[in-house]
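Visitor:
There are 2 protein chains.
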Amino acid sequence: MSDDLTIALDAMGGDLGPDVAIPGADLILQKNPDLRMLVFGDEARVAPLLKAFPQVRARSEFVACSVWVAMDDKPSQALRRGRRVSSMWRAIEAVKQGRAAAAISAGNTGALIAMAKIILDTMAGISRPAIAARWPTLKGESIVLDVGATIGADAEQLFDFAIMGEAMARCLFNLERPTVGLLNVGVEEIKGIEKVKEAGHLLRESGLPMEYIGFVEGDDISKGTADVVVTEGFTGNIALKTAEGTAKQISVYLKAEMNRSVLSRLGYLLARPAFQALRDKLDPRTLNGGVLLGLNGIVVKSHGGTDALGFAAALKVAVDMAENHLLEKIGADLAAKQALMGRFRDAEPEAGIAG
Amino acid sequence: MSDDLTIALDAMGGDLGPDVAIPGADLILQKNPDLRMLVFGDEARVAPLLKAFPQVRARSEFVACSVWVAMDDKPSQALRRGRRVSSMWRAIEAVKQGRAAAAISAGNTGALIAMAKIILDTMAGISRPAIAARWPTLKGESIVLDVGATIGADAEQLFDFAIMGEAMARCLFNLERPTVGLLNVGVEEIKGIEKVKEAGHLLRESGLPMEYIGFVEGDDISKGTADVVVTEGFTGNIALKTAEGTAKQISVYLKAEMNRSVLSRLGYLLARPAFQALRDKLDPRTLNGGVLLGLNGIVVKSHGGTDALGFAAALKVAVDMAENHLLEKIGADLAAKQALMGRFRDAEPEAGIAG
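Same order as they appear, the protein sequences are chains S and Z.
The numbers in this note's numbering rise by one with no breaks, and the one at position 272 of the first sequence is 302.
The numbers in this note's numbering rise by one with no breaks, and the one at position 138 of the second sequence is 168.
1) Please decide whether Z:A160 counts as near chain S, where near means a Cβ-Cβ distance under 8 Å.
2) Is the region 173-189 of chain S touching the region 222-235 of chain S, taking contact as three or more C-beta pairs under 8 Å?
3) So, Z:G43 versus Z:V177, is the Cβ gap smaller than 8 Å?
4) Beta carbons nearer than 8 Å to chain Z: which residues of the region 248-277 of chain S have them?
5) What does S:F70 pair with, by DSSP beta-bridge criteria?
6) Can you give me the Cβ contacts of Z:L238 inside the same chain, cut-off strictly under 8 Å, excluding the 5 residues immediately before and after it?
7) Based on DSSP bridge pairs, tell me the residues matched to S:Y283.
8) To the nearest whole angstrom, what separates the beta carbons of Z:A82 and Z:H333, a pair I think is in contact under 8 Å?
9) So, using beta-carbon positions, are S:A304 and Z:R309 closer together than 8 Å?
10) Please classify Z:K147 as buried or exposed, where buried requires at least 16 other C-beta atoms within 10 Å of its C-beta.
11) At 7 Å on the CB atoms, spell out the chain S contacts of Z:A163, in chain order.
12) Kindly indicate if chain Z contains any beta-carbon less than 8 Å away from that of S:K311.
13) Check the Cβ of S:E196 against every Cβ in chain Z and list those closer than 8 Å, keeping chain order.
14) Hey, is Z:A344's beta-carbon within less than 8 Å of any beta-carbon in chain S?
15) Cβ of Z:I251 within 8 Å of Cβ of S:T265?
16) Smallest Cα separation from Z:G71: which of Z:G248, Z:K61, Z:W119 and Z:S106?
17) With DSSP collapsed to three states, give me the class of S:C213.
18) Using DSSP with H/G/I as helix, E/B as strand and the rest coil, what is S:P166?
19) Distance, Cα to Cα, Z:A307 vs S:M288?
20) Got a sec: is the Cβ-Cβ distance from S:Q279 to anything in chain Z below 8 Å?
21) Could you spell out where the beta strand (DSSP E) holding S:K104 opens and where it closes?
22) Show which residues of chain S have a CB atom less than 9 Å away from the CB atom of Z:P303.
23) Who are the Cβ neighbours of S:R315 in its own chain at under 7 Å, not counting the five residues just before and after it?
24) In its own chain, which residues sit with a C-beta less than 7 Å from the C-beta of S:A352, not counting the 5 before and 5 after it?
25) Using 7 Å as the cut-off, classify the Cβ of Z:A131 as near or not near the heavy atoms of the ligand SAH, replying yes or no.
26) In whole angstroms, what is the alpha-carbon distance linking Z:K61 and Z:L46?
27) Could you pull out every residue in the same chain whose Cβ sits closer than 7 Å to the Cβ of Z:S117, ignoring the five residues on either side in sequence?
28) Locate the alpha helix (DSSP H) running through S:G230, then write down its first and last residues.
29) On a Cα-Cα basis, can you pick out the residue from Z:Q107, Z:L270 and Z:A77 that is closest to Z:M145?
30) Looking at the C-beta of Z:G297, does it have a partner C-beta in chain S at a distance below 8 Å?
31) Would Z:V86 count as contacting chain S if we go by Cβ distances under 8 Å?
32) Bridge partners for Z:V50 per DSSP, in chain order?
33) Is there a Cβ of chain Z sitting closer than 8 Å to that of S:A307, yes or no?
34) Just grab the DSSP bridge partners of Z:V174 for me.
35) To the nearest angstrom, how far is it from the Cα of Z:E241 to the Cα of S:L293?
36) Which residues share a DSSP beta bridge with Z:Y242?
Okay, structure coming up:
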């Protein structure tokens with residue numbers, strides 16, 4: 031299935047660099063043994079790990095890089111130092127050159143976006159990329175975008191986020207018609223921001239074959255009301271981090287309460303498999319792997335603090351996106367949108383479509 | 031302490047109206063027996079409840095109203111039908127007339143804001159009110175505003191939210207110098223939205239004696255990094271609902287897991303006090319009571335779906351705000367700000383202060 035599929039790995043990203051990336055690659059090779067890797071990183075650190083993980087060594091080509099992006103580099107610093115030579119740059123470049131079907135990095139998000147934009151360029155009709163995050167829900171899993179690639183989005187950019195997120199949902203969830211919702215507030219009479227309402231108008235009226243279900247509110251995300259939840263990057267980033275913070279808060283409470291008495295500790299021991307199942311459900315590692323959407327190439331961002339299991343989950347996302355032809359799906363939808371929008375604009379000159 | 035303090039109650043708001051409001055009033059009178067109430071509502075529904083709760087009857091004056099705002103009324107509908115005559119309007123009006131120190135309603139938020147603005151008007155220098163919500167944190171409790179009174183805010187409005195939220199924190203938490211943070215994202219090099227950065231500049235440089243700690247991210251809210259978290263209403267509303275949704279999601283997971291096996295059920299029984307303590311900590315009723323800030327009067331919004339315990343908690347917020355002179359505190363801070371801003375504007379003409 032994944033015969034000959036090659037993924038380019040920036041092995042130097044994240045808090046632990048190759049100590050997570052190489053064991054992570056080993057984990058995914060156990061399930062996808064036909065996968066190939068192009069590994070970019072510091073020879074002194076990567077070579078011993080390739081020796082320790084012979085399956086990775088057998089399925090990968092290693093390219094030594096003496097420069098890598100630090101987690102606290104500003105994007106501009108990273109670009110100055112790491113242009114053309116850093117492991118992150120070269121991993122993305124391998125996608126541009128057709129040597130890899132996707133690139134993955136656990137490095138600095140800002141640097142990754144900046145480099146990916148320069149190397150791969152945005153797709154025709156897309157002005158700015160988005161990061162799509164996987165979000166656990168009561169129904170399973172949803173995609174939320176943008177969670178912070180760019181700040182602010184006008185109506186047409188939100189529309190494009192919907193198109194790209196919907197294509198990603200088809201690739202990741204194997205759904206034919208994922209549902210799409212626009213994140214909004216329900217408090218005011220005139221609900222929400224003008225550009226969100228405009229985006230809703232575009233999605234409803236454009237004629238694209240998309241299962242647009244209308245506005246959703248913050249608590250709809252975890253309910254799984256929509257497979258794809260669309261918002262601009264500032265709000266999306268704050269929603270994502272607020273949810274992470276709340277989950278963490280409850281687990282701290284729960285731990286403290288279960289330790290408070292002998293009986294509660296005993297109860298905890300008896301119910302340990304239940305608590306383990308809860309932990310698994312909330313384990314951010316299993317849903318690791320944000321996708322940079324809107325570029326002429328697949329770039330996956332792994333969480334900087336994850337371990338091998340989390341890195342392997344992000345690698346799996348890269349594989350799914352490549353195997354299911356994410357870019358072709360988005361490209362076809364964007365082309366259809368352009369054709370329909372031409373008609374739409376002619377038909378409704380006063381629709382007030384922003385930029 | 032609260033001798034002679036009178037709270038005006040719109041008894042018809044919320045899903046259950048007086049069936050929650052009157053028992054809620056009874057609960058707070060058990061702790062604050064000197065409190066007085068002005069109760070506005072439908073005589074047919076309220077009179078039997080006043081009979082059932084003699085303590086409330088003894089401490090309150092009842093004003094029969096034959097009109098009330100429905101939960102699904104649009105603000106414009108509510109204003110058309112309920113102007114001058116509805117229980118909501120008359121409760122707010124009692125504050126304007128000096129007959130009550132604060133008004134409380136569990137009714138329609140949009141209608142409450144619209145009526146409060148008309149009756150009480152915004153404070154000098156404040157263009158739009160905000161709703162401040164109480165948020166449970168790992169350190170105890172914080173205030174987050176705006177959670178949806180208005181959409182969007184420029185730098186100076188965010189600054190005003192900080193002033194008002196800080197005054198509320200002094201009243202509610204009995205802190206002398208609550209810490210204040212601006213909600214922002216940490217992903218991009220140029221962090222966040224221009225107006226948030228401008229607001230940070232204003233807060234840092236204005237010279238107001240405020241413990242401004244800088245930008246905070248979404249996960250800082252539940253950590254309790256700041257006593258007051260400031261953001262505009264769209265993002266604040268989505269953050270609040272996202273957190274509520276996440277808490278609900280985890281409690282659904284937990285319940286399902288604890289029911290999955292005989293052992294886990296037994297464990298649950300043994301640890302029941304711990305689970306009860308967890309439920310109490312996450313109980314939204316104990317932190318009920320949002321405050322409309324920026325008006326010439328205190329108006330408290332109780333959650334529409336809460337019960338008597340929750341309504342009593344919101345009543346307690348109204349009492350705390352009145353007893354601790356919220357409006358005088360905000361007024362003094364706004365006056366100090368105006369004086370300082372004059373100097374600030376003269377000193378830094380190019381600071382680019384919006385609106």
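For glycine and all other residues, C-beta sits at the position ideal for the given N, C-alpha and C.
Guide: According to the structure data:
1) No, Z:A160 does not count as interfacial toward chain S.
2) By the Cβ criterion, the region 173-189 of chain S is in contact with the region 222-235 of chain S, since at least three pairs of Cβ atoms, one from each stretch, lie closer than 8 Å.
3) No, Cβ-Cβ distance for Z:G43 and Z:V177 is not below 8 Å.
4) Answer set for the region 248-277 of chain S: G248, D249, D250, I251, S252, K253, T261, G263, F264, T265, N267, I268, A269, L270, K271, T272, A273, E274, G275, T276 and A277.
5) BP columns for S:F70 point to S:D40 and S:V93.
6) Contacts found: I193, D363, A366, K367 and L370.
7) Its beta-bridge partners do not exist; DSSP assigns none.
8) Rounded to the nearest angstrom, the Cβ distance from Z:A82 to Z:H333 is 23 Å, too far for a contact under 8 Å.
9) No, Cβ-Cβ distance for S:A304 and Z:R309 is not below 8 Å.
10) Z:K147 counts as buried, since no fewer than 16 other beta carbons sit within 10 angstroms of its beta carbon.
11) What Z:A163 touches in chain S: nothing, since even the nearest Cβ is about 12 Å away.
12) Yes, its Cβ sits closer than 8 Å to a Cβ of chain Z.
13) Simply none; closest approach about 21 Å.
14) With respect to chain S, the C-beta atom of Z:A344 has no partner C-beta closer than 8 Å.
15) For Z:I251 and S:T265, no; Cβs fall outside 8 Å.
16) For the options Z:G248, Z:K61, Z:W119 and Z:S106, the alpha carbon positioned closest to that of Z:G71 is the one of Z:W119.
17) Rather than Cys, the amino acid found at residue 213 of chain S in this sequence is Leu. For S:L213, the secondary structure class from DSSP, reduced to helix, strand or coil, is strand.
18) DSSP places S:P166 in strand when its eight states are reduced to three.
19) Those two C-alpha atoms are separated by around 10 Å.
20) Taking Cβ atoms only, chain Z reaches closer than 8 Å to S:Q279, which makes this a yes.
21) Where S:K104 is concerned, there is no enclosing beta strand (DSSP E), given that its DSSP letter is neither H nor E.
22) The contacting residues are E287, R290, S291, L293 and S294.
23) These residues qualify, in order along the chain: T336, D337, L339, G340 and A343.
24) Once the five neighbours on either side are set aside, the close Cβ partners of S:A352 are L35, A131, A132 and I328.
25) Summarising the ligand content, the structure contains no ligands, and the ligand SAH is consequently not present.
26) In a straight line, the C-alpha of Z:K61 is about 23 Å away from that of Z:L46.
27) If we look at Z:S117 and ignore the five residues flanking it on each side, its Cβ neighbours are D40, A41, M42, F70, G71, C95 and W98.
28) Start and end: E224 to E235.
29) Checking every option, the nearest Cα to that of Z:M145 belongs to Z:Q107.
30) Yes, because at least one Cβ of chain S sits closer than 8 Å to the Cβ of Z:G297.
31) Not closer than 8 Å to any Cβ of chain S, the Cβ of Z:V86 fails to qualify, so no.
32) Its beta-bridge partners do not exist; DSSP assigns none.
33) Yes, S:A307 counts as interfacial toward chain Z.
34) Answer is Z:A163 and Z:V259, bridged to Z:V174.
35) Rounded to whole angstroms, Z:E241 to S:L293 spans 43 Å at the Cα level.
36) Its beta-bridge partners are Z:V210.
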